[in-house]
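What follows is a short report on a single structure.
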Amino acid sequence: MVSVCIATYNGEKYLKEEIDSILPQLTQEDEIIISDDGSTDSTLDVLTAYHDDRIKIYSHTEKIANPKFRFDYTTHNFENAISKAQGDYIFLADQDDVWLPEKVKTMTKALQDNDIVISDCIVVDKDLNVKRNSRYTKHKPSYKVARNLISSNNQGCCIAFRRDILDKVLPFPKYGVAQDFWIAVFGGLFYKVKFLPDPLILFRRHNDNLSTSLGKSTDNFSYKVKYRLYSLGSLIKRGGLRRVISNLY
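Per our numbering, numbering through the sequence shown is continuous, rising by one, with the last residue being 249.
And the structure:
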């Protein structure tokens, strides 16, 4: 069984296109888990219009108080979705991309022999015009600690994993760790990670993206240092110093 987990917030503009690209790849036993963070647009109307029992909608109500970083809400919105998932194979999805037709089949096959799988993707603009044929032209995804503390390039929408890893990966740290970083890097301390060179989604970049992936970050130096220290501290606390050092490079 496959569970696709999507964290939504005011995603009406592109969400239908995303869902339309996912549903044909799923069986009747699979599911799409939506965790909505209080959308004020027509996001929920878009979803309920499908009248499809595979689409299961939950509200993200247990929000952390006083988030320290801009991605803390999104991380725990994804955590809420993942905690509801029933599938043996769990896929993360953004609310604005388009899945290519072989994504589920290709990644599910790779998960037979691996615990976490990360695919490549094609970078497109808001109208799906290709900007780059590969997200990872320069640097492949890595679960090594130092590489990700310098610059994490694990894209959550490109990640799928076996349910088994949740025994260690959940719960996510309260602050300072994005879901893709935590699954790939912390998960990589304990589980087998594989990179697939196949581009399996159209990764849409537009003015409303929360993530600054492939764009210029506006975060100041002290902010960047602070969340990297939080990330490193969480890795050591949950994984142990010895294991972190052994997977540093």
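By construction, the Cβ of each residue, glycine as well, lies at the ideal position given by its N, Cα and C atoms.
Rounded distance between the beta-carbons of Tyr9 and Asp36, thought under 8 Å: 7 Å
Rounded distance between the beta-carbons of Leu200 and Lys103, thought under 8 Å: 4 Å
Pairwise C-alpha distance: Val244 and Val4: 30 Å
With 16 other Cβ atoms within 10 Å as the buried cut-off, status of Thr43: buried
Cβ distance (whole Å) where His76 is taken to contact Ile57 below 8 Å: Contact doesn't hold; Cβ gap of about 17 Å is too wide.
Which of helix, strand or coil DSSP assigns to Phe181: helix
Entirely enclosed beta strand (DSSP E) segments - the segment 50-135, minimum 3 residues: 55-59, 89-93, 116-124, 130-132
Cross-strand partners of Asp36 (DSSP beta bridge): Thr8, Ser59
DSSP three-state assignment for Lys138, whether helix, strand or coil: coil
C-alpha distance - Leu166 paired with Glu62, whole-angstrom precision: 19 Å
Where Phe221 sits in the DSSP three-state scheme: helix
For Phe71, the nearest candidate out of Ile122, Leu100, Phe181 (CA to CA): Phe181
Secondary structure of Asp198, DSSP reduced to three states: strand
DSSP beta-bridge partners of Val2: Tyr89
Proximity winner among Ala93, Leu232, Tyr223, relative to Leu189 (alpha-carbon distances): If we check each option's Cα against that of Leu189, Leu232 comes out closest.
CB contact flag (Ile267, Leu196, <8 Å): With the chain running from 1 to 249 in the structure shown, residue 267 is simply not present.
N- and C-terminal bounds of the beta strand (DSSP E) containing Arg162: 159-162
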